[in-house]
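Engineer: In our numbering, the protein residues as written are 6 to 178. C-beta: ideal position from N, C-alpha, C; glycine also.
1. For the stretch 135 to 143 against the stretch 59 to 79, do three or more pairs of beta-carbon atoms, one drawn from each stretch, fall closer than 8 Å, so that the two count as touching?
2. Determine the DSSP secondary structure at residue 15, reduced to helix, strand or coil.
3. Is the stretch 164 to 176 close to the stretch 23 to 34, with three or more CB pairs under 8 Å?
4. Strictly under 8 Å for the Cβ-Cβ distance: is residue 28 near chain D by that measure?
5. Which residues does DSSP list as the beta-bridge partners of residue 65?
6. Applying the 10 Å Cβ sphere with the 16-neighbour rule, what's the burial state of residue 129?
7. Counting Cβ pairs, one atom from each stretch, are 3 or more of them under 8 Å apart for the stretch 79 to 87 and the stretch 145 to 160?
8. Cutting at 6 Å between CB atoms, please list the residues of its own chain near residue 141, excluding the five before and the five after it.
9. State the Cα-Cα distance for the pair residue 144 and residue 105, rounded to the nearest angstrom.
10. Helix, strand or coil, according to DSSP, for residue 58 in the structure here?
11. What separation, rounded to the nearest whole angstrom, lies between the Cα atoms of residue 131 and residue 114?
12. Check this for me: beta carbons of residue 165 and residue 22, under 8 Å apart or not?
13. Put residue 158 into one of helix, strand or coil per three-state DSSP.
14. Hey, would you say residue 93 sits closer than 8 Å to residue 111, going by beta carbons?
15. In the DSSP assignment, the alpha helix (DSSP H) including residue 26 goes from what residue to what residue?
16. What would DSSP say about residue 135, mapped onto helix, strand or coil?
17. Is the separation between the beta-carbon of residue 3 and that of residue 64 shorter than 8 Å?
18. Buried or exposed: where does residue 62 fall if 16 or more other Cβ atoms within 10 Å of its Cβ makes it buried?
This is the structure we're talking about:
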């Protein structure tokens, strides 16, 4: 998402591809790490920025007081989670309805620091996470929704990212 925002060019939309050239334009001379496991990177002295799911960020780092939770209207998106019922049975429907319920998601939010779509502050204890959630709720009208991509677009993005990751791994050796 950062890359797509950073390279957004309405006049020349054909240039809006994920590429190492565009990534370097955004990151300039910074060291960039793309990983699902970056615990060690966070605590290096020159660490500056991470973009990740809010609950994950809070659980790992924000509560330590070393990092801040920021909402930037140009870089933050709202997205939906999909709960799909894969069997047409009453028990599957019961489970799906429960997992999407306000009761379940309120408890889930407190445990995981996931932002519930119900925006129910009553069940969130006072403290840093509640402050983050309040800030998120106030920011919602300014944030963009992450639009779903077509299968063809997802395939193209995956191919572009694979090229970037390959080029980055080549350059880091």
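Structural biologist: Short version:
1. In short, these stretches touch, since the Cβ pair count reaches three.
2. Residue placement at residue 15 is flagged as unreliable, the pLDDT there being 45, under the threshold of 50; the coordinate-derived value follows with that caveat. Three-state DSSP puts residue 15 in coil, outside helix and strand.
3. In short, these stretches touch, since the Cβ pair count reaches three.
4. No chain D is present in this structure, which holds just one protein chain.
5. As DSSP reads the structure, residue 65 sits in no beta bridge.
6. When all chains shown are included, residue 129 counts as buried.
7. Under the Cβ criterion (8 Å, minimum of three pairs), the stretch 79 to 87 counts as touching the stretch 145 to 160.
8. Residues 120 of the same chain have their beta carbon placed closer than 6 Å to that of residue 141, with the five preceding and five following residues left out of the count.
9. Between the alpha carbons of residue 144 and residue 105 lies a distance of about 23 Å.
10. Of the three classes helix, strand and coil, the one that applies to residue 58 here is coil, per DSSP.
11. For residue 131 and residue 114, the distance between alpha carbons rounds to 13 Å.
12. A Cβ-Cβ contact shorter than 8 Å links residue 165 with residue 22.
13. Three-state result, residue 158: helix.
14. In this structure, residue 93 keeps its C-beta atom at 8 Å or more from the C-beta atom of residue 111.
15. Its alpha helix (DSSP H) spans residues 25 to 32.
16. If DSSP states are grouped into helix, strand and coil, residue 135 belongs with the helices.
17. Because the chain spans 6 through 178 in this model, residue 3 falls outside it and cannot be assessed.
18. When all chains shown are included, residue 62 counts as buried.
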